[in-house]
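Chemist: If you want the numbering used here, it's the 1-based position in the sequence shown plus 803. Using N, Cα and C, we set each Cβ at its ideal position, and we do this for glycine too.
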Amino acid sequence: MQLHEMTWDEVKSLSVDTPVVFPVAALEQHGRHMPLFTDSLLLGEIVRRVATRYHDRVLFAPLQWLGNSDHHLDFPGTLSAPPRVYLDLLAGLLENFLSHGFKRLILLNGHGGNIVPIQQVVFEVRQRHRERDDLLLLGATYWTLGAKPHEAGDGIAQDHMGHACEWETSMMLKIDPRLVKDPTRVEPVPFGNPFEPANRGWITRERSTPGHIGDPRSASAEKGEVLLRLFSDDVGRLLDRVLAWDGRSWNG
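1) Restricting to Cα atoms, I'd like to know which of VAL819, THR810, GLN805 is closest to ASP937.
2) List the endpoints of the continuous alpha helix (DSSP H) containing VAL925.
3) Please report the Cβ distance between MET804 and PHE900, rounded to the nearest whole angstrom; I am assuming they are in contact, meaning their Cβ atoms lie under 8 Å.
4) Give me the residue from ASN917, VAL919, ILE918, LEU940 with the minimum Cα distance to VAL928.
5) Name the two residues that bound the continuous alpha helix (DSSP H) containing ALA943.
6) Smallest Cα separation from GLY965: which of LEU893, ARG931, TYR889, PHE994?
7) Find the nearest neighbour of VAL830 within the set GLY916, GLY956, ARG907, judged by alpha-carbon distance.
8) Check the C-beta distance from VAL761 over to ALA894 and give it rounded, since I have them as a contact under 8 Å.
9) Residues in the same chain with beta-carbon distance under 6 Å from HIS953, minus the five sequence neighbours each way, listed in chain order, please.
10) Please state the DSSP three-state secondary structure of PHE825.
11) Would you call GLU990 buried or exposed, if buried means 16 or more other Cβ atoms sit within 10 Å of its Cβ?
12) Pull up the CB-CB distance for LEU869 and ALA884, whole angstroms please, since I reckon it's below 8 Å.
13) So, for HIS914: in the same chain, excluding its five sequence neighbours on each side, which residues have a beta-carbon less than 6 Å away from its beta-carbon?
14) In the DSSP assignment, what are the bridge partners of MET837?
15) Taking the alpha-carbon positions, what's the GLN867 to HIS836 distance?
16) Mind checking which residues open and close the alpha helix (DSSP H) that includes ASN899?
17) Would you list the residues sitting across from GLN867 in a DSSP beta bridge?
18) CA-CA distance, PRO1019 and GLU969?
19) ALA1024 and LEU948 look like a contact to me (Cβ under 8 Å); what is the Cβ gap, rounded to whole Å?
20) Is HIS953 helix, strand or coil when you go by DSSP?
21) Would you mind stating whether ASN1014 and GLY834 have Cβ atoms separated by less than 7 Å?
22) Looking at the structure shown, is VAL861 part of a helix, part of a strand, or coil, going by DSSP?
23) Give the single residue among GLU999, TRP946, ARG988, GLY956 whose Cα lies nearest to the Cα of MET974.
24) Beta-carbon within less than 8 Å of LEU890's beta-carbon, same chain only, minus the 5 sequence neighbours each way: which residues are those?
25) Compute the Euclidean distance between the alpha carbons of ARG887 and GLY1004, then round it to the nearest angstrom.
26) Which residue wins for smallest C-alpha separation from GLN930, given the options GLN832, GLU898, ASP1043?
Written out as structure tokens, the structure reads:
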């Protein structure tokens, strides 16, 4: 079900145990070969694929395209909600639907800079409703749900998400190749080791002059289809767990 296609009365008639998915992504630079709207386009395609499987069982809100992208602001075209503004924005989405009575809410993320905010938001909102024992508030990023594309036997070399990298470039070549400038002419930018396993604060220009991170030269639409399928399947498995939750237990 698509929230933007429904009337308020139709939403009111839904079971409050209906999972509600809030897709959140970004509009930000993706190097010289990829469009600014990459994260939102890719998550939108994953949501489209997943939504067709659930019909009247899961409610999908419209994609929130403004993300936390301050680290990309040195590159023209990037739009960003400052971190604390973004926290309030995401919390407001959850609080809106809690006020409507719904109990199973998922922030589904498609941008690396949103990972920390969505984790913080589901934690904070849960603390505000400490008296409730029937809430399931989740934050999930589609490429961290278990898939290992480099083990799929389809020639995918990259083993984790970069930025305008083999993965993202391949998926964009699959869904809208006209938006991709020739990736075979792009020089790779190594991931490096930013003091891992510590978490380093960073801005993009100190990691990458052109703006991308990774090696998009071997990207292909065929790899893109594999990636989209794997990531969509992961999101579907998460929604199956949310649907099966008994409404109170810790395990799911």
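Modeler: Let me lay it out:
1) VAL819
2) Where VAL925 is concerned, the enclosing alpha helix (DSSP H) stretches over 918-931.
3) Wrong, their Cβ atoms sit about 13 Å apart, outside the cutoff.
4) LEU940
5) No alpha helix (DSSP H) contains ALA943, which is instead part of the beta strand (DSSP E) from 939-944.
6) PHE994
7) The sequence as given places Leu at residue 830; Val does not occur at that position. Ranking the options by Cα distance to LEU830, first place goes to GLY916.
8) Nothing about residue 761 can be reported from this structure: the residues present for the chain run from 804 to 1055 only.
9) Beyond the five residues adjoining it in sequence on each side, HIS953 comes within less than 6 Å, by CB distance, of ILE959, ASP962 in the same chain, given in chain order.
10) strand
11) exposed
12) 5 Å
13) Once the five neighbours on either side are set aside, the close Cβ partners of HIS914 are ALA828, ALA829, ASP842, GLY870.
14) HIS833
15) 24 Å
16) 886-902 is the extent of the alpha helix (DSSP H) around ASN899.
17) VAL827
18) If you take the alpha carbons of PRO1019 and GLU969, they lie about 4 Å apart.
19) Contact doesn't hold; Cβ gap of about 23 Å is too wide.
20) helix
21) Rather than Asn, the amino acid found at residue 1014 in this sequence is Gly. The answer is yes: Cβ separation under 7 Å.
22) coil
23) TRP946
24) PRO920, GLN923, VAL924, GLU927
25) 16 Å
26) GLU898
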